[in-house]
Amino acid sequence: MTETHSRFAGKIAVLIDHAADGLHSPVRELLTIARDLGQPVAVSFEAPTAQVEADLAALGIAELIVVDIDADWHLTAVAAEGLTAAALECDAKLVLATTTFENREIVALTARRLGAGLVADARPEIGADGQLQAFKRVFAGTWDVVSEFETERAVMTVRANTVQASTVEPTAYPTRTIEVAASAWAKSATLVTRTLHEHTGATRPPLAEAAYVVAGGRGTLGDFSAVEELADALGAAVGATRDAVDEGWVDHDAQIGQTGVTVAPRVYIGAGISGAPHHRGGMQAAQTIIAVNTDPETPLFEICDFAVVGDLGEVLPQAAKHLREYREQS
Numbered sequence: 018m019t020e021t022h023s024r025f026a027g028k029i030a031v032l033i034d035h036a037a038d039g040l041h042s043p044v045r046e047l048l049t050i051a052r053d054l055g056q057p058v059a060v061s062f063e064a065p066t067a068q069v070e071a072d073l074a075a076l077g078i079a080e081l082i083v084v085d086i087d088a089d090w091h092l093t094a095v096a097a098e099g100l101t102a103a104a105l106e107c108d109a110k111l112v113l114a115t116t117t118f119e120n121r122e123i124v125a126l127t128a129r130r131l132g133a134g135l136v137a138d139a140r141p142e143i144g145a146d147g148q149l150q151a152f153k154r155v156f157a158g159t160w161d162v163v164s165e166f167e168t169e170r171a172v173m174t175v176r177a178n179t180v181q182a183s184t185v186e187p188t189a190y191p192t193r194t195i196e197v198a199a200s201a202w203a204k205s206a207t208l209v210t211r212t213l214h215e216h217t218g219a220t221r222p223p224l225a226e227a228a229y230v231v232a233g234g235r236g237t238l239g240d241f242s243a244v245e246e247l248a249d250a251l252g253a254a255v256g257a258t259r260d261a262v263d264e265g266w267v268d269h270d271a272q273i274g275q276t277g278v279t280v281a282p283r284v285y286i287g288a289g290i291s292g293a294p295h296h297r298g299g300m301q302a303a304q305t306i307i308a309v310n311t312d313p314e315t316p317l318f319e320i321c322d323f324a325v326v327g328d329l330g331e332v333l334p335q336a337a338k339h340l341r342e343y344r345e346q347s
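In my numbering, the protein residues as written are 18 to 347.
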């Protein structure tokens, strides 16, 4: 991030989702981005816990707006009306949200209500002319696109691991609650049941948020033990290709690709993965790509930073062993 004198500098509404134990990592990154661009205003549909309040103070927010809406905010239409009201209340020129399936729908509805331009899965930056820009990769990571907004307001979703979250000296911030009356249209749907699915693995992070990902493909022959061993040694999430999911070797939640989860970790390790366009479209934004395959001509080697020609059943356990030894010594 550079200068903050564009017309979008100032109040930036940031939709936050949080748990009792604090803010999720992607939200921390989002607030870091907003702080670099202007004045972040956190928007929540829940009263914050003490830990969340402390996290927000350390991330340098200018204000917290709690939306009290007279309908179930878990419905995307209701959430969009609440977010729109909060953005107008603080006169935000930019609205940011993390990239999730729910948020994609929420921000689309919000942008429509605000008459704002919308760019999904992008990174906001300030251009040389002082205007807000959205940087993103498209067509399975083969093109970099920079967009500028022609509207007064802008709305964006940002992928996890886009930046490294950073904190500042905690400062007090005002909190206010706004009451919002949902429209009859937003209330026309009824939420019958809602089930929270915890991510698998006691110590593994959620796949979409993970800074480190170890993925396996058809080359595992259905045995993901080496993939899981390295993931646990690295503190990484476990991913898979569509072929591995279709074979029933892993759950669909682990699928990385254009019809699965899109990841952008700091390090992605693909083991026994050929690198089909479908899969590459979901992981090519990784900062560092490591590929392990017995075939030296595998397509994934064409885009990786480090290529290891070898049997994943031997390479991955060795890597896990060295990682554990390194951590024991440090």
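Note that the Cβ used here is the ideal one computed from N, Cα and C, for glycine as well.
Reduced DSSP category for residue i - H, G, I as helix; E, B as strand; rest coil
i, result
"residue 35", "strand"
"residue 125", "helix"
"residue 218", "In this prediction, residue 218 has a pLDDT of 48, which is less than 50 and means its spatial position is unreliable; what the coordinates show is noted afterwards. Here residue 218 sits in coil by DSSP."
"residue 316", "helix"
"residue 254", "strand"
"residue 181", "coil"
"residue 244", "helix"
"residue 27", "coil"
"residue 57", "strand"
"residue 267", "coil"
"residue 329", "helix"
"residue 232", "strand"
"residue 45", "helix"
"residue 238", "coil"
"residue 340", "helix"
"residue 209", "coil"
"residue 259", "helix"
"residue 196", "strand"
"residue 334", "helix"
For residue j and residue i, the rounded distance between their alpha carbons
i, j, result
"residue 100", "residue 192", "16 angstroms"
"residue 346", "residue 243", "23 angstroms"
"residue 94", "residue 333", "45 angstroms"
"residue 76", "residue 290", "39 angstroms"
"residue 173", "residue 294", "26 angstroms"
"residue 200", "residue 103", "15 angstroms"
"residue 266", "residue 239", "5 angstroms"
"residue 185", "residue 314", "47 angstroms"
"residue 127", "residue 97", "5 angstroms"
"residue 137", "residue 119", "13 angstroms"
"residue 125", "residue 68", "30 angstroms"
"residue 135", "residue 106", "20 angstroms"
"residue 61", "residue 41", "13 angstroms"
"residue 50", "residue 181", "9 angstroms"
"residue 257", "residue 143", "36 angstroms"
"residue 139", "residue 66", "30 angstroms"
"residue 250", "residue 337", "6 angstroms"
"residue 223", "residue 254", "6 angstroms"
"residue 18", "residue 145", "With a pLDDT of 39 at residue 18, under the threshold of 50, the modelled position of that residue is not reliable, and no figure is offered here."
"residue 209", "residue 38", "27 angstroms"
"residue 83", "residue 64", "7 angstroms"
"residue 123", "residue 92", "9 angstroms"
"residue 326", "residue 52", "43 angstroms"
"residue 301", "residue 152", "15 angstroms"
"residue 237", "residue 48", "39 angstroms"
"residue 320", "residue 155", "15 angstroms"
"residue 272", "residue 70", "34 angstroms"
"residue 198", "residue 207", "16 angstroms"
Spatial neighbours of residue i in its chain, beta-carbon cut-off 6 angstroms, leaving aside the 5 residues before and after
i, result
"residue 344", "none"
"residue 218", "Only weak support is given to the placement of residue 218: the predicted model assigns it a pLDDT of 48, under 50, and the value that follows is read from those uncertain coordinates. So the list is empty, once near-sequence residues are dropped."
"residue 59", "31, 33, 73, 78, 81"
"residue 287", "232, 308, 317"
"residue 165", "148, 150"
"residue 229", "251, 253, 282, 284"
"residue 330", "243"
"residue 130", "101"
"residue 247", "231, 333, 336, 337"
"residue 163", "150, 152"
"residue 194", "83, 85"
Nonlocal neighbours in the same chain, by C-beta distance under 7 angstroms from residue i, ignoring five residues either side
i, result
"residue 121", "137, 174"
"residue 225", "177, 278, 280"
"residue 211", "91"
"residue 245", "255"
8 angstroms contact criterion, which residue i and residue j should meet: CB distance rounded
i, j, result
"residue 292", "residue 275", "At roughly 13 angstroms, the Cβ-Cβ gap does not stay under 8 angstroms, so residue 292 and residue 275 are not in contact."
"residue 297", "residue 260", "Not a contact, Cβ separation roughly 14 angstroms."
"residue 115", "residue 57", "Not a contact, Cβ separation roughly 14 angstroms."
"residue 108", "residue 196", "No, residue 108 and residue 196 are not in contact; Cβ-Cβ is about 18 angstroms, not under 8 angstroms."
Same chain only: Cβ atoms within 8 angstroms of residue i, ignoring 5 sequence neighbours per side
i, result
"residue 269", "262, 277"
"residue 132", "168, 169, 170"
"residue 220", "249, 252"
"residue 341", "250"
"residue 203", "88, 92, 94, 95, 97, 98"
"residue 305", "283, 284, 285, 322, 323"
CB contact below 8 angstroms: residue i versus chain B
i, result
"residue 220", "Among the chains in the structure shown there is no chain B, since it carries only a single protein chain."
Quiz prompt | Contained alpha helix (DSSP H) runs [length at least 4] in the stretch 60-93, N- to C-terminal order | solution = Counting only runs that start and end inside the stretch 60-93, the alpha helix (DSSP H) elements of at least 4 residues fall at 67-75.
Quiz prompt | 4-residue-minimum alpha helix (DSSP H) runs that sit fully inside the stretch 270-324, ordered along the chain | solution = Listed in chain order, they are 294-297.
Self-check item: 3 or more residues per run - each beta strand (DSSP E) lying fully within the stretch 90-173
Solution: For the stretch 90-173, whole beta strand (DSSP E) runs of length 3 or above, ordered along the chain, are 111-115, 134-136, 140-143, 149-155, 160-165.
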